[in-house]
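Enquirer:
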Amino acid sequence: MVHQAPKEVIPLMTPYKMGQFQLSHRVVLAPLTRCRSYGNVPQPHAAVYYSQRATKGGLVIAEATGVSATAQGYPETPGIWTQEQVEAWKPIVDAVHRKGALFFCQIWHVGRVSNNKFQPDEQAPISSTDKQISPDPESGMVYSKPRRLQTKEISGIVDDFRRAARNAIEAGFDGVEIHGAHGYLLEQFMKDSSNDRTDEYGGSLENRCRFAVEVIDAIVHEVGAHRVGIRLSPFVDFVDCVDSDPIALGHYMIQQLNKHEGFLYCHMVEPRMAIVDGRRQIPHRLLPFRKAFNGTFIAAGGYDREEGNKVVAEGYADLVAYGRLFLANPDLPRRFELDAPLNKYDRSTFYTQDPVVGYTDYPFLEEDSNRKAATQA
Ligand SMILES: Cc1cc2nc3c(=O)[nH]c(=O)nc-3n(C[C@H](O)[C@H](O)[C@H](O)COP(=O)(O)O)c2cc1C
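Per the working numbering, the very first residue in the sequence shown carries number 93; after that it's consecutive.
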């Protein structure tokens, strides 16, 4: 009798049932803004890019996609508020589905993380506040002074989110991820450094979260909790958006999500990585939220193969989202399966507008599948 060594179990490569969706592995493409949707309309090259990163039973999350004409703050980001945009998404969604993957659309409004030049008629960007973000010397970004939304205008923005979610489903997406992270409009309301309102959308934690909760409720009502996820980053402090009590904020939001039976997933971003003993360490501070949330929990921020396997094995997260590594390695799940070396990412082309360079030209481990993906898209 021949004894075979048992096959190594790779936690990231094990199947998982997320609500009604059957996933064949746990390696998720994190939402990544790529600035290649000219005139806010998704382009055919996005079908190549996303289908390169799509696998049978994998979860792909599309880049942040604007809910309205005032939602943009970066060059050439896609939208989903016009019929033209919905039609342009359809072949991209089809290309991802042909590979057998699930495709969720991340919907956002940047709020004050913008400049008049990105706004209709060069108006001021809208926000919870009229406090301007301090200029960022690193990126050279200059943010315009925002206009504080009047109380009566807020229901209109909630409606924009609702319509965007419906449009995403019409375009064929399997669901939507509400962008409630990284200092954009929802967080500008949620966090106390950027919410200085005195109406029912400011002051107490409940009031500050009211806008986000209204967006969540509206979208759940529109498309069903079984296809709605949200991204939150209570610990992250981008673009002057900080909360004095991130733990209370995270817990309050989890409670609101749990009110919706079957709310699909909560995608949380780790605090910035710390250096411990000369090695970058993920702080793993999301555990209390993971324990409190009833649905699927996705962790993101600084993960590699080893850390991803560890958190899945420990039950710290159900799924792990990869940003920069997946950007540079279209076949990341396959590389993780084989423990193969990874391509390095090129930061200089993250946000450039070329339809190929730094976008669809990262090599596959097996060049063959690269050609196949390109011709199928
Ligand atoms: C080029 C680039 C674009 C990004 N765009 C988005 C975005 O559209 N929406 C979002 O929620 N996060 C965005 N992020 C954050 C990533 O989703 C992810 O959380 C971050 O890169 C940390 O994960 P990583 O260490 O695996 O890269 C972006 C990051 C990068 C590098």
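Glycine included, C-beta positions come from ideal geometry on N, C-alpha and C.
Which residue's Cα is closest to the Cα of Phe210: Met233, Phe113, Leu194?
Expert: Taking the sequence shown and counting its residues from 1, the one referred to as residue 210 is at position 118. For the residues Met233, Phe113, Leu194, the minimum Cα distance to Phe210 belongs to Met233.
Enquirer: When you measure from the CB of His271 to every non-hydrogen atom of ligand 1, does any distance come out below 7 Å?
Expert: Here residue 271 refers to the residue found at position 179 when the sequence shown is read from its first residue. Yes.
Enquirer: Any residue with its C-beta under 6 Å from a non-hydrogen atom of ligand 1 counts. Can you list them all in chain order?
Expert: In chain order, the hits are Ala122, Pro123, Leu124, Thr125, Glu155, Ala156, Gln198, His271, Ala273, His274, Arg323, Val361, Ala392, Gly393, Gly394, Tyr395, Tyr414, Gly415, Arg416, Leu417, Phe442.
Enquirer: Provide the residue span of the beta strand (DSSP E) that contains Phe355, from first to last.
Expert: The residue given as residue 355 occupies position 263 in the sequence shown. Careful: Phe355 lies outside any beta strand (DSSP E) and carries neither H nor E.
Enquirer: Are the CB atoms of Tyr414 and Val202 nearer to each other than 8 Å?
Expert: The residue given as residue 414 occupies position 322 in the sequence shown. The residue given as residue 202 occupies position 110 in the sequence shown. Taking 8 Å as the Cβ cut-off, Tyr414 and Val202 do not qualify as a contacting pair.
Enquirer: Asn208 and Gln215 look like a contact to me (Cβ under 8 Å); what is the Cβ gap, rounded to whole Å?
Expert: The residue you call residue 208 lines up with position 116 of the sequence shown. The residue you call residue 215 lines up with position 123 of the sequence shown. Confirmed, about 7 Å.
Enquirer: Does DSSP put Gln114 in a helix, a strand or coil?
Expert: For this step, residue 114 is matched to residue 22 along the sequence shown. DSSP places Gln114 in strand when its eight states are reduced to three.
Enquirer: Going by DSSP in three states, His274 sits in which element: helix, strand or coil?
Expert: Translated into positions along the sequence shown, residue 274 becomes position 182. His274: coil per DSSP, three-state reduction.
Enquirer: Could you name the residues that DSSP lists as bridge partners for Ile322?
Expert: For the purposes of this step, residue 322 is taken as the residue at position 230 of the sequence shown. Its beta-bridge partners are Ile270, Cys358.
Enquirer: Taking the alpha helix (DSSP H) that Val188 belongs to, which residues open and close that run?
Expert: Position 96 of the sequence shown, counted from the first residue, corresponds to residue 188. It spans 175-190 - the alpha helix (DSSP H) in which Val188 sits, taken as one unbroken run.
Enquirer: Taking all protein chains shown into account, decide if Gly472 is buried (16 or more other Cβ within 10 angstroms of its Cβ) or exposed.
Expert: There is no way to answer for residue 472, as the model of the chain reaches only from 93 to 469.
Enquirer: In angstroms with no decimal places, state the Cα-to-Cα distance between Arg254 and Gln112.
Expert: For the purposes of this step, residue 254 is taken as residue 162 along the sequence shown, with counting starting at 1. For the purposes of this step, residue 112 is taken as residue 20 along the sequence shown, with counting starting at 1. Spanning the two alpha carbons is a distance of roughly 22 Å.
Enquirer: Express the C-alpha separation of Gln348 and Asp460 in angstroms, rounding to a whole number.
Expert: Along the sequence shown, read from residue 1 onward, the residue named residue 460 stands at position 368. Along the sequence shown, read from residue 1 onward, the residue named residue 348 stands at position 256. Residue confidence is low: Asp460 scores 49 on pLDDT, short of 50, so the model does not pin down where it sits. Its coordinate-derived value is still stated next. Their Cα atoms are separated by approximately 47 Å.
Enquirer: Between Ser336, Val307, Ile172, Ala384, which lies nearest to Pro134 when the distance is taken from Cα to Cα?
Expert: By one-based count along the sequence shown, residue 134 stands at place 42. Selected option, being the one with the closest Cα: Ile172.
Enquirer: Relative to ligand 3, is the shortest distance from any of its heavy atoms to the C-beta of Ala273 smaller than 7 Å?
Expert: This structure lacks ligand 3; its bound ligands are ligand 1.
Enquirer: Under the three-state reduction of DSSP, which class applies to Ser129: helix, strand or coil?
Expert: Position 37 of the sequence shown, counted from the start, is the residue given in the question as residue 129. Correct three-state label for Ser129: coil.
Enquirer: Spell out the partners DSSP gives Gly400 in its beta bridges.
Expert: Here the question's residue 400 lines up with position 308 in the sequence shown. In the DSSP output, where bridge partners are listed per residue, Gly400 has none listed.
Enquirer: Verify whether the separation of the beta carbon atoms of Phe389 and Asn350 is less than 8 Å.
Expert: Reading the sequence shown from its first residue, position 297 is the one you call residue 389. Reading the sequence shown from its first residue, position 258 is the one you call residue 350. Against a cut-off of 8 Å, the Cβ pair of Asn350 and Phe389 comes out as no contact.
Enquirer: Is the beta carbon of Arg319 sitting closer than 8 Å to the one on Asp266?
Expert: Residue mapping note: residue 319 aligns to position 227 of the sequence shown, counting from 1. Residue mapping note: residue 266 aligns to position 174 of the sequence shown, counting from 1. The answer is yes: Cβ separation under 8 Å.
Enquirer: Take Gln373 as the anchor and find which of Lys383, His352, Glu398 has the nearest alpha-carbon.
Expert: On the sequence shown, residue 373 is found 281 positions in, with the first residue counted as 1. Comparing Cα positions, the closest option is Glu398.
Enquirer: Which residues share a DSSP beta bridge with Gly158?
Expert: Here residue 158 refers to the residue found at position 66 of the sequence shown. Per DSSP, Gly171, Trp200.
Enquirer: Residues bridged to Ala139 by DSSP?
Expert: In the sequence shown, residue 139 corresponds to position 47, counting from 1. Note: Ala139 sits in no beta bridge, so no partner.
Enquirer: So, Ala310 versus Val250, is the Cβ gap smaller than 8 Å?
Expert: Position 218 of the sequence shown, counted from the start, is the residue given in the question as residue 310. Position 158 of the sequence shown, counted from the start, is the residue given in the question as residue 250. Cβ atoms of Ala310 and Val250: closer than 8 Å.
Enquirer: With distances taken Cα to Cα, identify the nearest neighbour of Pro183 among Ser231, Ala256, Pro136, Glu306.
Expert: Position 91 of the sequence shown, counted from the start, is the residue given in the question as residue 183. If we check each option's Cα against that of Pro183, Pro136 comes out closest.
Enquirer: My understanding is that Gly150 touches Leu115, with C-beta atoms under 8 Å, so please give their C-beta distance in whole angstroms.
Expert: Taking the sequence shown and counting its residues from 1, one reaches residue 150 at position 58. Taking the sequence shown and counting its residues from 1, one reaches residue 115 at position 23. Right, the Cβ-Cβ distance comes to about 7 Å (below 8 Å), so this counts as a contact.
Enquirer: Ala413 bridges to which residues according to DSSP?
Expert: Mapped onto the sequence shown, residue 413 falls at position 321. Per DSSP, Val120, Ala392.
Enquirer: Among Ile346, Ser219, Arg364, Gln445, whose alpha-carbon lies nearest the alpha-carbon of Ile308?
Expert: The residue you call residue 308 lines up with position 216 of the sequence shown. When each option's Cα is compared against that of Ile308, the closest is Ile346.
Enquirer: Assuming Gln224 contacts Lys244 under a Cβ cut-off of 8 Å, what Cβ separation, rounded to an integer in Å, is found between them?
Expert: Translated into positions along the sequence shown, residue 224 becomes position 132. Translated into positions along the sequence shown, residue 244 becomes position 152. 23 Å between Cβ atoms; not a contact.
Enquirer: Classify Tyr130 as buried or exposed, calling it buried when 16 or more other Cβ atoms lie within 10 Å of its own Cβ.
Expert: For the purposes of this step, residue 130 is taken as the residue at position 38 of the sequence shown. Its Cβ having fewer than 16 others within 10 Å, Tyr130 is exposed.
Enquirer: By alpha-carbon positions, which one of Ala138, Thr106, Phe327 ends up nearest to Gln445?
Expert: Working through the sequence shown from its first residue, we reach residue 445 at position 353. With distances taken between Cα atoms, Gln445 lies closest to Ala138.
Enquirer: Note down the Cα distance separating Met110 from Asp213, rounded to an integer number of angstroms.
Expert: Translated into positions along the sequence shown, residue 110 becomes position 18. Translated into positions along the sequence shown, residue 213 becomes position 121. Straight-line Cα distance between these residues: approximately 43 Å.
Enquirer: Can you give me the Cβ contacts of Arg240 inside the same chain, cut-off strictly under 6 Å, excluding the 5 residues immediately before and after it?
Expert: To locate residue 240, count along the sequence shown from 1; it is residue 148. Here the set comprises Thr221, Asp222.
Enquirer: Could you tell me the boundaries of the beta strand (DSSP E) in which Phe151 lies?
Expert: Numbered from its first residue, the sequence shown carries residue 151 at position 59. This sequence places Leu at residue 151; Phe is not what is there. Run containing Leu151: 151-153, per the beta strand (DSSP E) assignment.
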